[in-house]
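First comes the structure, then the notes that go with it.
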Amino acid sequence: MSAEEKMINFTIGPVQGFIGQARRTRDLWSGSFLLSYLSGCAMAEIRRCDGRIKVPDVEGDQLLRWIESDGEGAPPRIGTLPNRFVASAEDPAGAARSAAEGVRSRWKKIADSVWKKYVEGVADQGKNTREIWERQVNNFWEIHWTIGAMEGMEARKNWRICTDWSDGRPTIEEGDHCTIMSDWQEISGYVRSIERKKQDDFWKKIRQETSGMDLRSDERLCAIALIKRMFPSVAEDAIGWEVSADRWPSTLYVAAIPWLSAVIESAERDYANDYAKKAFSYAEHIRREGVAEQIFGRKDLFLEIDANFYHTTSLKNPKSTPLKMTPEDGDEPEDVRRRREELIECLEELYNKKGKPSPFYAMLRMDGDNMGRLIRESGEAVSRALASFAKDVERVVQDNLGVLVYAGGDDVLAMLPVERAMSCAYRLSVSFAESFEAQGMEATISAGLVFASHRVPLRSVMREAHSILDDIAKDENGRGSMAVSVLKGSGRYCRWVSSWKGAVSPENEVVLERLAKNLSEKPDGIEASSSFFYKSRELLLMLSGEHRWSPGMFFDLSRLEGLDIKALLQAEYLNALEHSSEITADVRESASEYVRGLLSVSCRHRGPEHEGATGKEICADGMLLVKFLSQKGVQE
Amino acid sequence: MYLRITPVDSWFFRDGRPFHLGEATSDVGGLFPPSAFTVVGAIRAHLARSMGWREGKWSEEICRVLGDGYDLAGLRFRGPLLCREGDRGPEMLYPAPLNLLGKRNDSGYEMRLLRPGEEVECDLGRVRLPTAEKIDGMKQLSGYVNGDQLKQVLRGEVPEGRVIPRKELCGTEYAVGLERERDTRTAKEAHLYSINRIRLVRGVHLIMGIEGIDEGLLEKLDGAVMPIGGEGRMGCVEMLSPGKGVSEIRQEIGPIDGRVRFTLVHITPAFLGRWPRPGESIPGVPGEVVSACVGRALRIGGWDSVNRRPVELKPFIPPGSVWFCEAEADELNDVMSVSRIGEYTGFGFGEIALGIW
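Heads up: the sequence lines are chains H and V, in that order. Residue numbering for the first sequence follows my numbering, starting at 690 and increasing by one per position. Residue numbering for the second sequence follows my numbering, starting at 251 and increasing by one per position.
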């Protein structure tokens, strides 16, 4: 048997269907960790069959060591093993079958643990709950493997059929559907429109089994979503070690990181901690231990409150910030309302001194370009490069005050504060390229970065990150690109894309962030810029002959020969400034410089394979993104 | 007879996400084209109204003409499909077959067609998986092809021109709905929802075929403005003149070495009780499956307004999916007679085009 004939290509899916359908950051982490864990179980099984994992390089991987009961030190915090890997074995088909069986049995064990702890005692109050549970648990995963060249796996992906389907097709899901994973039935089995009380009673009981805030009153989940949600509390029994899901910050917390950092490093620290003490005495279950230590490496009280308590808008809503004695429905008693007002006053006082926290955070997804071809051509050298990159990822994300959710193979998923997110993505792209250069190869990574209001459902944010990475960055703009989208509560505000080369200055600064910083340092400039940015967009739309603007649209101005677009935009800029500043020679000079920068980020910069193919294409969204970043996302 | 349905404004077709009054619901919908159940439901409801129905259960007379639920009485539907007004009149569009791969280059897309390759050992057994040479970096093209391009694919040729991306036909609009507190004029708690509406590009329509309908009743549809999909959003219906509409797309198939090798390309979603595995047969189709390009299940459900409960969410084979099959030469006529497969074909589901590989 040749070496190629002994190769196993193995994948577990659905990735987006499992990870992306999340309501909380904890679901997001839990989904990515579980998928990584199951992939690790498949790898462990292949190694047990005397096989060898070729890609990725798993030597020294902490998660795999713990799965193989060989772990030392602290248990792994995040998933580090990709859902797809290449291995070799003497009996490759036998090893692959064992690996698939290994995944099924470990998944079953986790599902059983959740069932026993949270559902078994309530199941007889449901309608066919056990049947629904088993149907979903047994039919969820898509485990595919091929033997031989990697092309076989590419071909296998074209035929979405699973050997695991009990009925020879995907399941039929009756009744009401899960509030997180809408393709699946919720496990009470009742239909809300006609059996509301029975359904509510069932879920009330499940909620009683869980502690604190694990399930919200409007959450009715399928087996898969419930397993993801409750997995951390059964982890010791199900996988053999404890995981600390409570250390995962909410999106609102991530958004507030720069503000928290500024407050705690300032003279207002004691005031802030006093506010926290007051909040802890007025409300229950609002302490988020471990979060601050993970992000800031310190344990101030102020850094450990539920992030809703950093926002006066949330404090004004008793549902978001219930205090002791806040009723589930109806008005709060007078003394509770007074305490609430006291907290609001304290927080407003802090706002007066240190400004407001941003309600926006960034979700970053990155993925290596053309990895299939690289692995086919250079095999284990790619593994070494990826292993070197993986070592760098957590440090780069932490340096930018972010939280790494997943880093395995060529994939990265992280949450970051708005201000540092683009720089972080760029630094990671540099680290990726350097890791490959060290192995004598050229490789690029692309990014999908979403700046989202905490009000936008996490599921929508994940879908946007996925779509802009695959469709806008990689497919439309070409490999080695970063696509950025801003999602506000009212919908998509803007969408921008550029190659890495087009996004940074010769000094390796992300140009958009620099332009935004310049703007935010001139309060008058921001004032003027609002009208300038919107007017410029309208002007470009009119010149292009298009009727309607939509986010991400490139205007083709190639037919307007002789048009000096820079002079036009500069005149608009000066016109906008006229109301607040005297137009001196210096102002003209700085306007010229500024508009040059804006134009450079607005022009189309395609990835390396498309270079030179563009016409005179301009996207107004570059300017809108500068405006958004300059406001640090404080205004929704 | 074919009906052309044009949106008055945007449309809203919900997916399986729960949508209950009194609970905050976000990011619902965006399913397009809508399922045949939705379009047929809108047409039948309009016809029932024209026969005097206002609310509640239909009368016996209406049920005799229009059927009820899954019973269509004598009605038969086809579609829905998309159509775009072009320089040469209306152009029917079909979901791009999933055996068509492409990669963007400077002049558009470079494309290749997959067909069954050498046997590969995999979790399905030893199987001829769909493949082709020089497909590095290529992926399945989600979008639409016109009739001529589909015919080329059915002949086993790479189509000329380019696949029409979905964004050239329709866009998604995010919309927020709320109920206001009368006193504070703020959004009422748990009464805030967000949905994704579909806006068709000017000149793009839905086309639905209808048969078995009384001439007089059919006239009630021409020029009608009827609610379709969620939120009571409206569509204008026009009858297309005879000869306009969906022309038959067929590829002549002949036996080679005593065997007939053919492809089935799904034009509309299909529900099969069991998705065939390699070596198995498709119900109602002679021969056996050699290979396939089949996408992830499209889950279609709905709302049963009479019984006030959700309709079960069923997995449909998505349009564009392709089966590569082989039959005996003497089964050729039976192969050529296949035009729809699976269940609910009267609604328009399960329509296929035959080709060769």
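Think of the CB as a built atom: it goes at the ideal place given N, C-alpha and C, for glycine as much as any other residue.
{"Check": "Rounded to a whole number of angstroms, what is the C-alpha to C-alpha distance between glycine 500 of chain V and arginine 858 of chain H?", "Outcome": "A quick correction: the sequence has arginine, not glycine, at residue 500 of chain V. So the two alpha carbons sit approximately 28 angstroms from each other."}
{"Check": "What residues of chain H sit near valine 544 of chain V, judged by a beta carbon separation below 9 angstroms?", "Outcome": "Asn847, Trp848, Arg849 and Ile850"}
{"Check": "Note the first and the last residue of the continuous beta strand (DSSP E) segment covering asparagine 355 of chain V.", "Outcome": "350-355"}
{"Check": "Go ahead and label glycine 462 of chain V buried or exposed: buried means 16 or more other beta carbons lie within 10 angstroms of its beta carbon, across all protein chains shown.", "Outcome": "exposed"}
{"Check": "Confirm, please, whether the CB-CB distance from tryptophan 607 of chain V to arginine 365 of chain V is below 8 angstroms.", "Outcome": "yes"}
{"Check": "Does any CB atom of chain V fall closer than 8 angstroms to the CB of glycine 1304 of chain H?", "Outcome": "Its pLDDT being 47, under 50, glycine 1304 of chain H is placed unreliably in this model, and the coordinates cannot settle the point."}
{"Check": "When you compare the CB of proline 859 of chain H with every CB in chain V, is at least one pair closer than 8 angstroms?", "Outcome": "yes"}
{"Check": "Compute the Euclidean distance between the alpha carbons of valine 1336 of chain H and phenylalanine 1078 of chain H, then round it to the nearest angstrom.", "Outcome": "Only positions 690 to 1325 of chain H appear in this structure, which leaves residue 1336 of chain H out of reach."}
{"Check": "DSSP three-state label for tryptophan 308 of chain V, please.", "Outcome": "coil"}
{"Check": "Just to confirm before moving on: does the CB-CB distance between glycine 485 of chain V and valine 258 of chain V stay below 8 angstroms?", "Outcome": "yes"}
{"Check": "Out of H:Asn1089, H:Ile767 and H:Arg1109, which has the shortest C-alpha to C-alpha gap to tryptophan 937 of chain H?", "Outcome": "H:Ile767"}
{"Check": "Output the distance between the C-alpha atoms of alanine 912 of chain H and isoleucine 876 of chain H, rounded to the nearest integer angstrom.", "Outcome": "6 angstroms"}
{"Check": "So with CB distances below 7 angstroms, who are the chain H contacts of tryptophan 525 of chain V?", "Outcome": "Ile850, Gly857 and Arg858"}
{"Check": "From which residue to which residue does the beta strand (DSSP E) around asparagine 396 of chain V run?", "Outcome": "394-396"}
{"Check": "Okay, do the segment 1250-1266 of chain H and the segment 1221-1232 of chain H touch, 3+ Cβ pairs below 8 angstroms being the bar?", "Outcome": "yes"}
{"Check": "One question on the structure: do methionine 673 of chain H and leucine 1201 of chain H come within less than 8 angstroms of each other, judged by their Cβ atoms?", "Outcome": "Nothing can be reported for residue 673 of chain H, as the shown portion of chain H is limited to 690 through 1325."}
{"Check": "Let me see if you follow: with CB-CB separation under 8 angstroms, is arginine 1029 of chain H close to chain V or not?", "Outcome": "no"}
{"Check": "Compare the beta carbon distance of phenylalanine 699 of chain H and arginine 773 of chain H with 8 angstroms and say whether it is the shorter of the two.", "Outcome": "yes"}
{"Check": "In whole angstroms, give me the CA-to-CA distance for cysteine 738 of chain H and serine 691 of chain H.", "Outcome": "19 angstroms"}
{"Check": "Strictly by DSSP, which residues pair up with aspartate 554 of chain V?", "Outcome": "V:Arg559"}
{"Check": "Buried or exposed: aspartate 1100 of chain H, going by 16 or more other Cβ atoms within 10 Å of its Cβ?", "Outcome": "buried"}
{"Check": "Quick one, which residues of the segment 551-572 of chain V are near chain H if we go by CB-CB under 7 angstroms, in chain order?", "Outcome": "Arg558, Arg559, Pro560, Glu562, Leu563, Lys564 and Pro565"}
{"Check": "Please state the DSSP three-state secondary structure of arginine 449 of chain V.", "Outcome": "strand"}
{"Check": "Between which two residues does the alpha helix (DSSP H) carrying proline 921 of chain H extend?", "Outcome": "912-928"}
{"Check": "Between the alpha carbons of proline 409 of chain V and leucine 348 of chain V, how many angstroms are there, rounded?", "Outcome": "13 angstroms"}
{"Check": "Relative to the C-alpha of tryptophan 892 of chain H, which candidate in H:Lys1305, H:Ala782, H:Gln814 and H:Glu863 has its C-alpha closest?", "Outcome": "H:Gln814"}
{"Check": "Hey, could you find the ends of the beta strand (DSSP E) serine 777 of chain H is sitting in?", "Outcome": "773-777"}
{"Check": "Give me the subset of the segment 869-883 of chain H whose CB atoms are less than 7 angstroms from a CB atom of chain V, sorted by chain position.", "Outcome": "Ser871, Asp872, Val880, Arg881, Ser882 and Ile883"}
{"Check": "Would you report the Cα separation of glycine 929 of chain H and threonine 1133 of chain H, rounded to the nearest angstrom?", "Outcome": "37 angstroms"}
{"Check": "Does DSSP put arginine 1028 of chain H in a helix, in a strand, or in coil?", "Outcome": "helix"}
{"Check": "At which residue ranges does the segment 1042-1115 of chain H contain complete alpha helix (DSSP H) runs of 4 or more residues, listed in the order of the chain?", "Outcome": "1060-1067 and 1069-1088"}
{"Check": "Where does tyrosine 807 of chain H land, buried or exposed, given buried means 16+ other C-beta within 10 angstroms?", "Outcome": "buried"}
{"Check": "By DSSP, does leucine 325 of chain V sit in helix, in strand, or in coil?", "Outcome": "coil"}
{"Check": "Indicate whether the contact test is met: 3 or more Cβ pairs, each with one atom in the segment 1080-1093 of chain H and one in the segment 1162-1172 of chain H, closer than 8 angstroms.", "Outcome": "no"}
{"Check": "What does the alpha-carbon distance come out to for the pair phenylalanine 262 of chain V and isoleucine 478 of chain V?", "Outcome": "8 angstroms"}
{"Check": "Report the rounded CA-to-CA distance for glutamine 983 of chain H versus tyrosine 1095 of chain H, giving the unit in angstroms.", "Outcome": "15 angstroms"}
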